[in-house]
Amino acid sequence: MSQVLHTPPPTTRDAQPPAEPPSESPAQLAARYGLSVSGARPTLRQYVRQLWARRHFITAFATAKLTAQYSQAKLGQVWQIANPLLNAAVYYLIFGLLMGTKKGVPDYVPFLVTGVFVWTFTQSSIMAGTRAISGSLGLVRALHFPRASLPLSYCLQQLQQLLFSMAALVVILLAFGVPVAPSWLLIVPALALQFVFNAGVAMVMARIGAKTPDISQLMPFVLRTWMYASGVMFSMDHILAGRDMPRVVPLLLQCNPAAVYIDLMRFALIDSFHASQLPPHVWAVATGWALLAGVGGFIYFWKAEETYGRG
Numbered sequence: 097m098s099q100v101l102h103t104p105p106p107t108t109r110d111a112q113p114p115a116e117p118p119s120e121s122p123a124q125l126a127a128r129y130g131l132s133v134s135g136a137r138p139t140l141r142q143y144v145r146q147l148w149a150r151r152h153f154i155t156a157f158a159t160a161k162l163t164a165q166y167s168q169a170k171l172g173q174v175w176q177i178a179n180p181l182l183n184a185a186v187y188y189l190i191f192g193l194l195m196g197t198k199k200g201v202p203d204y205v206p207f208l209v210t211g212v213f214v215w216t217f218t219q220s221s222i223m224a225g226t227r228a229i230s231g232s233l234g235l236v237r238a239l240h241f242p243r244a245s246l247p248l249s250y251c252l253q254q255l256q257q258l259l260f261s262m263a264a265l266v267v268i269l270l271a272f273g274v275p276v277a278p279s280w281l282l283i284v285p286a287l288a289l290q291f292v293f294n295a296g297v298a299m300v301m302a303r304i305g306a307k308t309p310d311i312s313q314l315m316p317f318v319l320r321t322w323m324y325a326s327g328v329m330f331s332m333d334h335i336l337a338g339r340d341m342p343r344v345v346p347l348l349l350q351c352n353p354a355a356v357y358i359d360l361m362r363f364a365l366i367d368s369f370h371a372s373q374l375p376p377h378v379w380a381v382a383t384g385w386a387l388l389a390g391v392g393g394f395i396y397f398w399k400a401e402e403t404y405g406r407g
């Protein structure tokens, strides 16, 4: 006779599953396993170090862009010098001869060519910076690198372009009887300040252009207006002389950063361009604009580092 053993039914207390440990937030789990957000913005100090580590890439990228710029043209790199010279010739015909702005301006051709070359440096840097991110999305999405490398490399490319043009400018200065002077050494600090200013503005425009690519269609009109307010083709002193206008207008025109850097280059290169034609405290103004645009533009660009190439 088999004996059936009946197991008593489990009580409610025994049926409860074992208690689970409290759940962790995603941030806690990431910290536990050493995970980090992909493409997260580094600290400002880390970002500067990353840029410095890629300084050779920035230089090589700028040189490659400059070399490839006219690779399809038959004259090749001759256009590096021919383009700004042709612009200067057109401006001389329209403003110097037809509009008579050369009257009362000694050494007008060196005055004009210097203004055109220096302005082109700023104009081209800003335009290239506007498209630095939006025009390089394939590179931005494929590789991980500090995105500020792109606007910086484009500005460096334009600086190299200007150095080609400066060779032609020296020939023009000598041909029109402008002597070599110790003041030519001032080219170095003037160009350094202008490069920092250009790079800062280019980084601001690169961030705006990354979100709003249409801004690149508007910039030529903005830059053309800025050019006419910068005394590229004429002397601002002669234009403003005898005009009844609020005192703030001449002050704003004198402190215009593009005009400041153009005047510094003219003062350094042209013997007939005297210190009296410079705005007051011109070196302080030039340094202030460089620091404001350079530091401010760099921080403004860095704050959106993790957004470039997304969306």
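Letter 275 of the sequence shown, counting from 1, is numbered 371 in this note's numbering, and no numbers are missing. Beta carbons: idealized from backbone N, C-alpha and C, even for Gly.
Consult DSSP for residue i and reduce its assignment to one of helix, strand or coil.
| i | result |
| --- | --- |
| R343 | coil |
| G405 | coil |
| L181 | helix |
| Q168 | coil |
| L374 | coil |
| S230 | helix |
| P316 | helix |
| H334 | helix |
| G196 | coil |
| N352 | coil |
| S121 | coil |
| P64 | The chain is shown only over 97 to 407; residue 64 falls outside these bounds and no answer can be derived. |
| R137 | coil |
| D359 | helix |
| F217 | helix |
| G305 | helix |
| P206 | helix |
| S98 | Reliability of the predicted coordinates at S98 is poor, the pLDDT of 48 falling under 50, and the value obtained from them is presented with this limitation in mind. Reduced to three states, the DSSP call for S98 is coil. |
Report yes if the CB atom of residue i is closer than 9 Å to the CB atom of residue j, and no otherwise.
| i | j | result |
| --- | --- | --- |
| L289 | L347 | no |
| S37 | R150 | Any answer about residue 37 is impossible in this case: the structure gives the chain only from 97 up to 407. |
| V292 | A386 | yes |
| Y404 | R141 | no |
| Q256 | L162 | yes |
| I366 | F207 | yes |
| S261 | P309 | no |
| M315 | T226 | yes |
| A354 | P375 | no |
| L265 | L287 | no |
| P411 | E401 | Limits of the chain in this structure are 97 at one end and 407 at the other, which puts residue 411 out of reach. |
| V330 | F191 | Note that residue 330 is Phe in the sequence shown here, rather than Val. Cβ atoms of F330 and F191: closer than 9 Å. |
| A238 | V209 | no |
| W322 | N352 | yes |
| Y188 | Y166 | no |
Does residue i pass the burial test, meaning 16 or more other C-beta atoms within 10 Å, or should it be called exposed?
| i | result |
| --- | --- |
| V328 | buried |
| R406 | exposed |
| F394 | buried |
| A389 | buried |
| V381 | buried |
| Q350 | buried |
| W398 | buried |
| G211 | buried |
| R303 | buried |
| W148 | exposed |
| Q254 | buried |
| F369 | buried |
- Query: Is there contact here, the segment 330–338 with the segment 196–205, by at least three beta-carbon pairs under 8 Å?
  - Reply: yes
Could you tell me whether the segment 177–184 touches the segment 271–282, using the rule of 3 or more Cβ pairs below 8 Å? no
Cβ contact (3+ pairs, closer than 8 Å) linking the segment 295–308 and the segment 221–230: yes
Across the segment 245–255 and the segment 157–164, are there enough close Cβ pairs to call them in contact, namely three or more that are closer than 8 Å?
yes
Margin query: Quick check: the segment 319–326 against the segment 202–222, are at least 3 beta-carbon pairs closer than 8 Å?
Written below: yes
Taking contact to mean 3 or more Cβ pairs, one atom from each stretch, closer than 8 Å, check whether the segment 275–285 and the segment 357–375 are in contact. yes
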